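Beneath this line is the structure, given in structure tokens, with notes to follow.
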Amino acid sequence: MSQTATDVKNTPGEPHDARSFGQRWGVIITLVLVCAIWTVPTLGLLISSFREEADVDASGWWTVFTRPFDFTQWTLDSYERVLSGGMGDAFINSIVVAVPATVIPVMIAAFAAYAFTFMRFWGRNLLFIFVVGLLVVPLQVAFVPLLQIYVDFELNGTFLAVWLAHTGFGMPLAIYILRNYMGSLPKEIIESAEIDGASHFQTFWRLILPMSVPALAAFAIFQFLWVWNDLLVALIFLASNPANTVVTIELQKLLGEFGSEWHLLTAAAFVTMTVPLIVFFSLQRFFVRGLTAGSVKG
Amino acid sequence: MIDILNAVIAILLGVGGVTLLYFALNAVVERLPRRWEARLKPFVFIGPAVLVVGLFLVYPAVQTVVYSFANDDSTSWVGLDNYTALFSDPGFRSALLNNVLWIVIVPTLSVVIGLLVAVLADKLSRGENVAKSVIFLPMAISFVGAATIWGFIYDANLRGGEQIGLLNALVVGLGFDPVVWLQQSQWALNDLLLMVIMVWLQAGFAMVLLSAAIKNVPDETVEAARIDGATEMKIFFQIVVPQIWASVLVVFTTILILVMKIFDIVYVMTNGAFDTEVVANTFFKQLFEFGNNGRAAAVVVILMIAVIPLMVYQVRRYRLEEAGR
Chain S
1 MSQTATDVKN TPGEPHDARS FGQRWGVIIT LVLVCAIWTV PTLGLLISSF REEADVDASG
61 WWTVFTRPFD FTQWTLDSYE RVLSGGMGDA FINSIVVAVP ATVIPVMIAA FAAYAFTFMR
121 FWGRNLLFIF VVGLLVVPLQ VAFVPLLQIY VDFELNGTFL AVWLAHTGFG MPLAIYILRN
181 YMGSLPKEII ESAEIDGASH FQTFWRLILP MSVPALAAFA IFQFLWVWND LLVALIFLAS
241 NPANTVVTIE LQKLLGEFGS EWHLLTAAAF VTMTVPLIVF FSLQRFFVRG LTAGSVKG
Chain C
1001 MIDILNAVIA ILLGVGGVTL LYFALNAVVE RLPRRWEARL KPFVFIGPAV LVVGLFLVYP
1061 AVQTVVYSFA NDDSTSWVGL DNYTALFSDP GFRSALLNNV LWIVIVPTLS VVIGLLVAVL
1121 ADKLSRGENV AKSVIFLPMA ISFVGAATIW GFIYDANLRG GEQIGLLNAL VVGLGFDPVV
1181 WLQQSQWALN DLLLMVIMVW LQAGFAMVLL SAAIKNVPDE TVEAARIDGA TEMKIFFQIV
1241 VPQIWASVLV VFTTILILVM KIFDIVYVMT NGAFDTEVVA NTFFKQLFEF GNNGRAAAVV
1301 VILMIAVIPL MVYQVRRYRL EEAGR
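Top to bottom, those sequences are chains S and C.
Residue numbering for the first sequence is 1 to 298, as defined by this note's numbering.
Residue numbering for the second sequence is 1001 to 1325, as defined by this note's numbering.
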């Protein structure tokens, strides 16, 4: 589409000719500028995390470009210190928190979305509209009462507590995305499965779940990153138990304790970013779909 | 090693438990007489979801409203005291005002920048995807991570020696004194610098949705205007923008909903000091610093009331979409 637009612009004899050359450069320069503003902050973080403590404090990270191949200036010291100082354990804990907090809501929501799409029951439409309304409810509404329940049942600070909380908070969005997707699947397939005598349970596992993989993946990626990057829920339900700390809490603590020790902070921040960045670069298509579908989440 | 083993066990238990639950429920229902099976089957599928939503969203929401009329440890009723206390507290009023600034400025800037990149990248013959990836990448980064990244940019060194924060290095390079950016509350400068972080994170989302909308604008409408001799500016504002307006609104409200509850960035960067307080951070402080359940609940109820118009909008939009199917 952009091809045809530029073709027309560059046709000889068009009155736009002279100006479109300038315009084209204007476009490129503006984009390069915006892209630079978007990259430089992360680049500065990455570079600083590999510099010696003394260097980070003494000169700006951009000075490395005067001698980029002087390998004596690069070091992994900050990473070693950060990882052995709690970030390493927090990293494992983050995985323990994020994987079930992704899989459990996907599974529960898939069953519910199936029922909303292919089964008839009393109150179906009303219930779904209720789910749509819940999409925008701020999850702060849940914290005070949930905290009390967790304290009463001695669940506060456990992984189970955060899994369940994230499952609840992610549920409306998961149901919404998956129902919309299942609603677009051809109805005939279900009908023919029914005629063949398949039960709903079989149809769900053998037909609908495999066919819904794009939507399942999109939501799963959104939810995984959401949980991985979450600070608030972790602070409220997990922070009381230091053994179960996660990367975001750990980074926030470092920021509080070592506010100006940038060699440590940059390394720690980069550790928290590794998993999301791997997801970004390896699953970009699903990633974009997931984040754009999921961004209404409360 | 033991840690990793425990982690794997924890993950398997969590995931396996849920799978088993469905198989067990299904097995029970399939043993029932046919008529009952058909009647109960939908509730096997939907039951756990309803239970989870009820227990973790609906019940706590109702309970929060109740608590907002009770005292700090929810043992006696105080009527509207929590609300009157909040609204007569200048700190809370300034938090409300700041939230208004956030929900006006951040969605607007995100949409403008997202639209700019979407439009310009669309005109490139090469490199469109690279430019878009670069803008979208921050979406992967947590608020705390982004706060660290930008905290480093805003760093101020007052002990003498070189500035290692990029912004102050520029300022000093231009011959001025270094500035402690996050303490500059006149003209809400520090607020704006915090908002920059959010815009940096969210512009990519705006760009992706708006880029898709722009590519859906029929070529003929643009070509016709071009043949009539309209300038590119005119084409954009009079032909393209009206056709993508629905998407602009969706993006704007989506970011607005997110920004209303902005917490992490403020909590990590200033914790509300220097006039940067926001509502969600007040909630956190009331709950954990002051241990006041009633006050915290009242803050959330105010937030919930503010969300209601958006909820109505969301439901209405969904119904229109359904009707259009």
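Cβ atoms here follow ideal geometry from the backbone N, Cα and C, with glycine treated the same way.
None of these values were measured; they are calculated from a predicted model.
What number of angstroms, rounded off, separates the C-alpha of residue i from the C-alpha of residue j?
i: ALA1061/C; j: PRO138/S; result: 10 Å
i: PHE280/S; j: TYR1318/C; result: 29 Å
i: ARG1039/C; j: PHE1136/C; result: 47 Å
i: ILE1149/C; j: LEU1320/C; result: 41 Å
i: ARG1034/C; j: GLY1016/C; result: 29 Å
i: VAL1066/C; j: ILE1305/C; result: 14 Å
i: PHE1143/C; j: ARG67/S; result: 33 Å
i: VAL288/S; j: VAL1208/C; result: 8 Å
i: VAL27/S; j: GLN1202/C; result: 22 Å
i: ILE108/S; j: VAL1300/C; result: 28 Å
i: GLU261/S; j: PHE270/S; result: 14 Å
i: GLU1030/C; j: LYS1041/C; result: 8 Å
i: ALA1118/C; j: TRP1245/C; result: 14 Å
i: ALA243/S; j: ILE95/S; result: 14 Å
i: ALA174/S; j: LEU255/S; result: 33 Å
i: ALA1188/C; j: ALA1273/C; result: 12 Å
i: ASP1122/C; j: MET211/S; result: 32 Å
i: LEU1051/C; j: LEU164/S; result: 11 Å
Relative to the C-alpha of residue i, which residue among the options is closest?
i: TYR181/S; options: LEU225/S, ARG206/S, ILE195/S, ALA218/S; result: ALA218/S
i: LEU76/S; options: LEU264/S, PHE287/S, VAL136/S, GLN284/S; result: LEU264/S
i: PHE128/S; options: GLY1079/C, GLN1243/C, ILE1046/C; result: ILE1046/C
i: PHE1043/C; options: LEU254/S, ALA268/S, ARG124/S, PHE169/S; result: ARG124/S
i: TRP74/S; options: LEU209/S, ASP230/S, PHE50/S, SER20/S; result: PHE50/S
i: VAL1111/C; options: PRO1048/C, GLY1014/C, SER1247/C; result: SER1247/C
i: THR1270/C; options: ASN241/S, ILE92/S, GLN252/S, MET273/S; result: GLN252/S
i: LEU178/S; options: TRP25/S, LEU209/S, VAL82/S, GLY157/S; result: LEU209/S
i: PHE1237/C; options: ASP1073/C, LEU1080/C, LEU1116/C, LEU1193/C; result: LEU1116/C
i: LEU1109/C; options: LEU1192/C, GLN1183/C, LEU1057/C; result: LEU1192/C
i: VAL1241/C; options: THR1221/C, LEU1086/C, ALA1156/C, VAL1180/C; result: THR1221/C
i: TYR1059/C; options: TYR176/S, PHE143/S, ILE221/S, TRP205/S; result: PHE143/S
i: MET1198/C; options: ILE1227/C, ALA1140/C, MET1233/C; result: ALA1140/C
At least one CB of chain S closer than 7 Å to the CB of residue i: is that the case?
i: THR1064/C; result: yes
i: LEU1096/C; result: no
i: ALA1248/C; result: The question names Ala, yet the displayed sequence has Val at residue 1248/C. Cβ-Cβ to chain S under 7 Å: no for VAL1248/C.
i: LEU1310/C; result: yes
i: ASN1026/C; result: yes
i: ASN1293/C; result: yes
i: TYR1083/C; result: no
i: MET1233/C; result: no
i: GLU1220/C; result: no
Among the residues of its own chain, which have a CB less than 7 Å from the CB of residue i, if the five just before and after it don't count?
i: ASP57/S; result: none
i: LEU1166/C; result: ILE1153
i: VAL162/S; result: VAL97, ALA101, VAL233, ALA234, PHE237, LEU238
i: ALA193/S; result: THR203, LEU207
i: ASP1275/C; result: SER1094, SER1185
i: VAL1315/C; result: none
i: ASN1026/C; result: VAL1044
i: ALA1169/C; result: GLN1163
Using a Cβ cut-off of 7 Å (strictly closer), state whether residue i contacts chain C.
i: GLN140/S; result: yes
i: MET87/S; result: no
i: LEU59/S; result: One point to set straight first is that residue 59/S is Ser, not Leu, in the sequence displayed. Yes - at least one Cβ of chain C is within 7 Å of the one on SER59/S.
i: TYR300/S; result: The question about residue 300/S has no answer, for chain S in this structure spans 1 to 298.
i: HIS166/S; result: no
i: HIS263/S; result: no
i: MET1/S; result: For MET1/S, the predicted structure reports a pLDDT of 35, less than 50, and the residue's modelled location is therefore unreliable. The matter cannot be settled from this model.
i: LEU173/S; result: no
i: THR66/S; result: no
i: PRO186/S; result: no
i: ALA112/S; result: yes
i: ASN229/S; result: yes
i: ALA267/S; result: no
Could you name the residues of the same chain whose beta carbon sits closer than 6 Å to that of residue i, not counting the 5 residues immediately before and after it, in chain order?
i: ALA239/S; result: ILE249
i: TYR79/S; result: ALA267
i: PRO12/S; result: Note that PRO12/S scores a pLDDT of 42, beneath 50, so its modelled location is shaky and nothing firm can be said.
i: GLY170/S; result: PRO105, GLN223
i: TRP38/S; result: none
i: TRP1181/C; result: TYR1154, LEU1193
Going by beta carbon distance, what residues of the same chain come within less than 8 Å of residue i, once the five residues before and after it are set aside?
i: ALA5/S; result: Legend: pLDDT at ALA5/S = 37, less than 50; position of this residue unreliable, no value from coordinates given.
Inset, instruction - Please go through the segment 1218-1286 of chain C and give each complete alpha helix (DSSP H) segment of 4 or more residues, from N-terminal end onward. - result: 1219-1227, 1241-1260, 1264-1269, 1279-1284
Legend entry - Any alpha helix (DSSP H) of 4 or more consecutive residues that is wholly inside the segment 177-239 of chain S: 187-195, 200-203, 213-229, 232-237
Inset, instruction - Could you tell me which uninterrupted alpha helix (DSSP H) segments, each at least 4 residues in length, are contained entirely in the segment 1080-1140 of chain C, listed from first to last along the chain? - result: 1081-1088, 1090-1123, 1128-1136
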